[in-house]
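Presented below is the structure to which this report refers.
Residue numbers (UniProt numbering): 1 to 67.
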């Protein structure tokens with residue numbers, strides 16, 4: 001890893017912290033909390049899809065055939 005890459009990485013981490021604070025101020029919830037909620041929603045949706053035996057790939061292929 002060269003020095004330029006290290007500087008860019010460090011700058012991005014600083015910017016990320018600013019954006020996290022801005023997000024929390026705007027929405028009243030931390031980025032980490034929002035991530036947990038979204039992750040749980042995705043996991044629940046994935047579980048439901050499997051439960052009903054829905055195959056997204058097969059549905060996409062059928063849609064392409066119908067076009």
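Every residue, glycine too, gets a C-beta built ideally from N, C-alpha and C.
Computed from a predicted structure; not experimentally measured.
In this structure, how does DSSP classify residue 38 when only helix, strand and coil are distinguished?
Look at residue 38 here: in three-state DSSP terms it is helix.
Between the alpha carbons of residue 31 and residue 16, how many angstroms are there, rounded?
11 angstroms
In the structure shown, what three-state DSSP assignment does residue 29 receive?
Residue 29: coil per DSSP, three-state reduction.
Could one say the Cβ of residue 19 lies closer than 8 angstroms to chain B's Cβ atoms, at least one of them?
No chain B is part of this structure, which consists of one protein chain only.
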